[in-house]
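Contents: one structure, followed by commentary.
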Amino acid sequence: MVAALESAWAAIQARHPEVPAVVIVLGAGSGTGAGLKLGHFAAMRWRHADTAGEDGGVLPEVFVGGEGLARGPEDVLATLPWHGSWHEMWLSGGAS
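Below is the structure:
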């Protein structure tokens, strides 16, 4: 599942080079006490060895709550990738 989400993200990046590299995490979105979490974006969450020369190797995280996958691929991909990449572009000053 994570590989499929990473492939989808790579396809988006191929068409939109401004979309940043991210670490995609899949996990349980329930049991947090705050209700169901379908996903989130977290800036500068992961240090990745493959990107050690780029911005110190720090990458944002896009979390996908497993329970949200029941919404179907269109809903998952239409919400989380663009939501997260917009946050990253905004944080880096690239969004207007």
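Numbering (the numbering used here), first residue to last: 21 to 116.
Built from N, CA and C at the ideal position, the CB exists for glycine as well.
Quantities reported herein were computed from a predicted structural model and do not represent experimental measurements.
Sorting Val22, Val82 and Met21 by C-alpha distance to the C-alpha of Val42 places Val82 at the top. For Ile44, the beta-bridge partners assigned by DSSP are Val82. In the three-state DSSP reduction, Gly51 falls in the coil class, being neither helix nor strand. Two segments are said to touch when three or more pairs of C-beta atoms, one from each, lie closer than 8 Å; by this definition the segment 77 to 91 touches the segment 22 to 42. Taken atom to atom, the span from the alpha-carbon of Trp66 to that of Pro80 is near 6 Å. Looking at the DSSP output, Gly88 shares a beta bridge with no other residue.
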